[in-house]
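Here the sequence shown is numbered in the UniProt record's numbering, starting from 1 and rising by one per residue.
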Amino acid sequence: MCGLKVVGVEREGERVAAARRRAPSLVSTVQLDISDSHHCQTRLSSLLDDVIREEGGGRVCLVGLHCCGDLTPNILRMVSGQVHPDLCAAVVVSCCYHKMSP
């Protein structure tokens, strides 16, 4: 995708397993459960480091098709705040607005 590494972010383990079965070599997919904003950003940053190391470097786009609760605002904060030097884009579909922190 435009020369970017694509990392799919998903909370549900079953969806992560299905993505890995469907396209094991096309995208990196990680399971992420969020307990708070700081934990989410720290965990995402660590996961990005792992993916970048495994893939041999490069810029990254996070993709989330079910960014439940606080995952959407956390991903957007990371991209806009340049929290990780290689994270340059995100594609997110938010849901579960009732689970977002005030």
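All residues carry an ideal CB built from backbone N, CA and C; glycine is no exception.
In chain order, what are the residue ranges of uninterrupted beta strand (DSSP E) at least 3 long that sit wholly in the UniProt domain "Methyltransferase" (4 to 101)? Fully contained in the UniProt domain "Methyltransferase" (4 to 101) are the following beta strand (DSSP E) runs of length 3 or more, in chain order: 5 to 10, 28 to 31, 60 to 68, 87 to 95.
Inter-residue Cα distance where the pair is V60 and L48: Each residue's alpha carbon lies about 8 Å from the other.
Would you say L71 and M78 are within 7 Å of each other, going by their C-beta atoms? The answer is no: Cβ separation not under 7 Å.
Buried versus exposed call for H84 [16 or more other C-beta atoms within 10 Å across all chains shown]: Buried, because 16 or more other Cβ atoms sit within 10 Å of the Cβ of H84.
Counting C-beta neighbours from all protein chains within 10 Å, is the total for V93 16 or more, i.e. buried, or is it exposed? It counts as exposed.
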